[in-house]
Every structure is written in structure tokens, then in C-alpha cells.
Ligand SMILES: [Zn+2]
């Protein structure tokens, strides 16, 4: 019998039938994986405190020949991130990040950089107290890793590169920004971004994860960046990210 072994983070757990659970993992070696944990609801012993949201585990799965649903054979707990569970703000931030990873990825599509980013984010949410910044940094880095990063350096139409002499408007359909001269007649509803937000975004994208937690972002910039990231993800995914409803930037 072949096994799948990897470090993995639990993105979501749902009850299934009388005694089982369905778990969605994001694993280091195989990307997103969906598996059934037989008896996990009834027998607390085997998976006790392991198949919980955000837990970092070493998992062994047995792939199914008939479907994409593997079976969880064993799970060893590496980090349960208790600090995230103890605080509603931290918890809703981690839920948002998990939902984004689940929605932006396909099953069995390994991406070690994304796993490392997710792992970094959970450590940051458990440690630094910079919750909203972590949520924003995570999204900017994730979009870059997925090749979906926003075109920031110049106006999408005229190529103007100096945002200090013009206003900057976000276009979710074009994955970038327009200057005020290039808005055209159908610009109503486009979100304007301040120069300081553009700079914050550029800084966040260029800094390595090890230095990111030192970057400070003002409240106004956090609001602006959250607004455009929400618009962009909703547009690209063609669905709403539900966890945004529960996550408050400044709670
Ligand atoms: Zn322009």
C-alpha cells in the first residue's frame, strides 16, 4: 500500500456522517489535500486535538484508488498554535488566511513557497500581535507566489511610473492601477489608492518574510490595502471570501 507523508496545515475540518471527519490540508509536499478521518468524531484518542483548524501536523494519508479523497492514517501534532484559538481576532485572521489558501489553490498542486508563507503567517498570528498587517502581507506575498501579483510600478495604459504626480486608481479586472489621465469614461467605482499605500505595498512585496514583521503600516493604508485585496480576490475567484465578514481590521 502506498502512503502520502508530509508536513501539513489543517485548512478546514467538517463532520461527516455519524463518526467521520473530512479534513482539508495544505501540505508541504503535495499542496492541497482532502482526506477522510475515519472514526475521528467518535474515537477521540487517535486524533485527539490534532485535526483542528490551523494545526501543523506530520500526516500520513492512504490515497484512494476510486476517488480523490484519501484516508488519514496518522497525524502527529507539531504545533497546535493555541494562541490563535484563544483570541477571536487572531482566530478570524487565521480563518481568513486558510479560506484564501483553500480558494486559490488546486488539489495535488505542490507549492513549497506557499506552504512556508502559510506557516510563517500562523507563527506571526500566534506571536507578534500585528494581526491585520499579517493578513495583508500574507495576501500580497501569496498573490506574488501564485503569479497573480498586482502590477504596481506603472499605469497600465500610459506606463507612467511616478505616482507622486498623479492619482492612482485600482482596476481589479486588469490586475493593476491606472493614473488619473487614463481613467476613461467608465471609471466610476474604481478605488483610489494613496501614494503611501502604494509604497507600503511595494515594501511588503520586496521584503523577505524574516524582516516583514518590522514593517509598519498606518491605519488608513491598512484600510485601503484591505479594500483593494478584497475586491481583487472576489473578482479573480468569482466568489466572495466569507471570512472577511468576521474579520475586523481593528478589533
Ligand atoms: Zn496613465
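Residue numbers (the working numbering): 15 to 265. A virtual CB, placed ideally from N, CA and C, is assigned to each residue, including glycine. Source: prediction; values computed, not measured.
Over what stretch of residues does the alpha helix (DSSP H) that includes residue 219 continue unbroken? 209 to 220
How about residue 47 and residue 78: are their beta carbons less than 8 Å apart? Not closer than 8 Å, so no.
Got a sec: does ligand 1 put a non-hydrogen atom nearer than 7 Å to the Cβ of residue 14? Because the chain in this structure spans residues 15 to 265, residue 14 falls outside the shown range and cannot be described.
Is the separation between the beta-carbon of residue 20 and that of residue 33 shorter than 8 Å? no
Residue 36 and residue 28 look like a contact to me (Cβ under 8 Å); what is the Cβ gap, rounded to whole Å? 5 Å
Beta-carbon distances below 6 Å to any heavy atom of ligand 1 define the shell here; list its residues in chain order, please. 169, 171, 172, 174, 192, 193, 195, 196
Are residue 39 and residue 49 closer than 8 Å when you measure CB to CB? yes
From 102, 69, 231, 239, pick the residue whose C-alpha is nearest to that of residue 206; which is it? 239
Run through the stretch 81 to 139 for me and flag every whole alpha helix (DSSP H) of 4 or more residues, listed as ranges in chain order. 96 to 99, 102 to 118
State the beta-bridge partners of residue 19 as determined by DSSP. According to DSSP, which records beta bridges pairwise, residue 19 is partnered with 74.
Residue 148 classed as buried or exposed, judged by whether at least 16 other C-beta atoms fall within 10 angstroms: buried
Name the residue from 196, 53, 93, 82 whose alpha carbon lies nearest to the alpha carbon of residue 69. Among 196, 53, 93, 82, the Cα nearest to that of residue 69 belongs to 93.
Helix, strand or coil for residue 49 per DSSP? In this structure, residue 49 counts as strand in the three-state DSSP scheme.
Cα-Cα, which of 76, 101, 107 is closest to residue 25? Taking only the C-alpha atoms, the option nearest residue 25 is 107.
Beta strand (DSSP E) segment containing residue 41, residue limits: Here the beta strand (DSSP E) through residue 41 covers 34 to 41.
Across the stretch 148 to 158 and the stretch 240 to 251, are there enough close Cβ pairs to call them in contact, namely three or more that are closer than 8 Å? yes
When you compare the CB positions of residue 114 and residue 23, do they come within less than 8 Å of one another, or not? Contact flag unset, no.
Provide the residue(s) that pair with residue 246 in DSSP beta bridges, ordered along the chain. Its beta-bridge partners do not exist; DSSP assigns none.
Apart from the five residues on each side of it in sequence, which residues of its chain come closer than 8 Å, Cβ to Cβ, to residue 144? 138, 227
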